[in-house]
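Residue numbers (my numbering): 26 to 324.
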Amino acid sequence: MAVSVIRAQGRDYPFQVFDLGSLGIPADEFTAFFRPTFYTLQWDYYDVRLRHIRFLQKCLPADTKALECLLPSYYETGIRPALMESFLAGLSRDQRREFDAIAPFRQRSATNLGISFFGSDCLIEILRPRHYCQSACDYRAMPRLFQAASPEVLGHSLFKTLVVAVAQMARSVLGCAAMELVMHQISVIATGQQVGLPVPEGIHQDGARAIVSAIVCDLENVTGGESVVFSPYLIIVNSDPVVGFVKAETQEIFRQRLGVGQGIFMDDLHLWHYATPVKCVPPAASGRRSIIGFDIHCR
Ligand SMILES: [Fe+2]
26 MAVSVIRAQG RDYPFQVFDL GSLGIPADEF TAFFRPTFYT LQWDYYDVRL
76 RHIRFLQKCL PADTKALECL LPSYYETGIR PALMESFLAG LSRDQRREFD
126 AIAPFRQRSA TNLGISFFGS DCLIEILRPR HYCQSACDYR AMPRLFQAAS
176 PEVLGHSLFK TLVVAVAQMA RSVLGCAAME LVMHQISVIA TGQQVGLPVP
226 EGIHQDGARA IVSAIVCDLE NVTGGESVVF SPYLIIVNSD PVVGFVKAET
276 QEIFRQRLGV GQGIFMDDLH LWHYATPVKC VPPAASGRRS IIGFDIHCR
């Protein structure tokens with residue numbers, strides 16, 4: 026399908042809200058197959074480790090810098106250094122109980138795919154699992170290893186149809202006949218005690234040329250989860266040499282709660298994105314928002 030554009034700060038960027046039907050994919054059949062596959066994905070314990078450090082920093086503000094120094098190795102390995110144990114020993118009983126109650130809230134997989142077009146034919150290669158790193162100046166740049174999608178998913182005809190459709194959209198915009206896709210399956214869980222954060226890192230880019238962010242496969246007992254897109258980050262430099270004022274600025278240019286079967290294809294080189302927290306709807310004890318996303322890199 027043809028990819029449209031969104032206008033921001035006087036320039037156009039590739040952007041398209043689509044539904045599975047417009048890609049020639051039967052939405053009901055697709056979601057009926059994919060929805061249960063999210064329930065068995067591994068939990069993301071990187072999120073838990075990040076929340077551990079942030080919680081300790083909130084409880085022990087004088088040790089914020091020391092705790093930040095512990096983050097890289099703890100985030101990557103999950104091994105608590107001796108210094109962290111000593112910080113934990115300094116918590117009150119209630120604080121320690123709250124620390125121990127921090128639970129994972131995302132289940133996910135990440136699968137690397139090589140794509141090559143030969144004329145109108147498309148070759149999909151399942152690449153071996155690799156550490157996932159985002160282009161960022163913070164903890165997201167640290168390598169994370171996620172389980173690949175199941176053979177059941179990777180062997181399904183609708184998965185192949187989706188990958189080809191995404192690759193064709195990317196080719197029409199980026200012009201590359203070979204690319205690497207990282208396909209993410211992510212389920213965000215919300216409970217009565219804990220909201221689910223689709224993007225704990227906040228407003229961000231994924232470090233790709235373009236992304237599919239994200240195809241919604243399940244919305245079960247949840248509110249929230251709005252997709253929000255922002256314009257490029259512009260640094261505005263005041264020409265006054267005395268004041269020398271510099272301001273970094275971005276603007277919200279799109280906001281929509283995607284329904285099941287809907288997705289967004291968008292530029293990731295200039296545009297930024299975010300998704301609002303997911304809250305459980307009582308009387309349900311828990312709810313989930315499950316999505317499929319793609320990072321798209323030209324080769
Ligand atoms: Fe993202």
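For glycine and all other residues, C-beta sits at the position ideal for the given N, C-alpha and C.
Mind reading off the beta-carbon distance from residue i to residue j? Whole number of angstroms is fine, and I expect it under 8 Å.
{"i": "L152", "j": "G144", "result": "23 Å between Cβ atoms; not a contact."}
{"i": "R165", "j": "D69", "result": "Actually they do not touch by this definition, with Cβ atoms about 13 Å apart."}
{"i": "P168", "j": "E101", "result": "6 Å"}
{"i": "M204", "j": "A195", "result": "6 Å"}
{"i": "K185", "j": "I240", "result": "So it is not a contact: roughly 15 Å between Cβ atoms."}
{"i": "I78", "j": "L183", "result": "40 Å between Cβ atoms; not a contact."}
{"i": "V213", "j": "P223", "result": "5 Å"}
{"i": "A190", "j": "S134", "result": "With 8 Å as the limit, A190 and S134 do not qualify as a contact, their Cβ atoms being about 20 Å apart."}
{"i": "S197", "j": "V28", "result": "6 Å"}
{"i": "I321", "j": "R234", "result": "6 Å"}
Identify every residue that forms a DSSP beta bridge with residue i.
{"i": "N137", "result": "V207"}
{"i": "Q34", "result": "Answer is none; Q34 lacks a bridge partner."}
{"i": "C305", "result": "V247"}
{"i": "P39", "result": "V30"}
{"i": "T216", "result": "S311"}
{"i": "A235", "result": "D292 and I321"}
{"i": "F124", "result": "Answer is none; F124 lacks a bridge partner."}
{"i": "H156", "result": "DSSP lists no partner for H156."}
{"i": "I104", "result": "Partner(s): none; I104 has no beta bridge."}
{"i": "S131", "result": "Strictly speaking, residue 131 in this sequence is Arg, with Ser absent from that position. According to DSSP, which records beta bridges pairwise, R131 is partnered with V213."}
{"i": "I240", "result": "I317"}
{"i": "F142", "result": "C147"}
{"i": "G221", "result": "V303"}
{"i": "R165", "result": "Per DSSP, none; premise fails for R165."}
Please classify residue i as buried or exposed, where buried requires at least 16 other C-beta atoms within 10 Å of its C-beta.
{"i": "D37", "result": "exposed"}
{"i": "C94", "result": "exposed"}
{"i": "M291", "result": "buried"}
{"i": "T56", "result": "buried"}
{"i": "M109", "result": "buried"}
{"i": "A273", "result": "exposed"}
{"i": "R32", "result": "exposed"}
{"i": "A215", "result": "buried"}
{"i": "I104", "result": "exposed"}
{"i": "A128", "result": "exposed"}
Along the beta strand (DSSP E) that carries residue i, what are the first and last residues, could you check?
{"i": "C323", "result": "S311 to C323"}
{"i": "D146", "result": "D146 to I151"}
{"i": "R280", "result": "E277 to Q281"}
{"i": "H298", "result": "W297 to A300"}
{"i": "R194", "result": "The sequence shown places Met at residue 194, not Arg. No beta strand (DSSP E) contains M194, which is instead part of the alpha helix (DSSP H) from S182 to L199."}
{"i": "I289", "result": "Q287 to D292"}
{"i": "F255", "result": "S252 to F255"}
With a threshold of 8 Å between beta carbons, is residue i in contact with chain D?
{"i": "I31", "result": "In the displayed structure, chain D is absent; only one protein chain is listed."}
Which first and last residues belong to the alpha helix (DSSP H) in which residue i is found?
{"i": "F80", "result": "Y70 to C84"}
{"i": "D88", "result": "Looking at the DSSP string, D88 is not in any alpha helix (DSSP H), and its letter there is neither H nor E."}
{"i": "T56", "result": "A52 to F59"}
{"i": "L45", "result": "Neither: L45 is in no alpha helix (DSSP H) and is coded neither H nor E."}
{"i": "E177", "result": "P176 to L179"}
Is any heavy atom of ligand 3 found at a distance shorter than 7 Å from the C-beta of residue i?
{"i": "D231", "result": "Ligands displayed in this structure: ligand 1; ligand 3 is not among them."}
How do the region 37–47 and the region 83–100 stand: do at least 3 beta-carbon pairs fall below 8 Å, yes or no? At 8 Å Cβ cutoff, the stretches do not touch.
Below 8 Å, can you find three or more Cβ-Cβ pairs linking the region 55–66 to the region 221–229? no
Any 3 or more C-beta pairs closer than 8 Å across the region 306–313 and the region 237–247: yes
With a cut-off of 8 Å, do at least 3 Cβ pairs link the region 213–222 to the region 276–283? no
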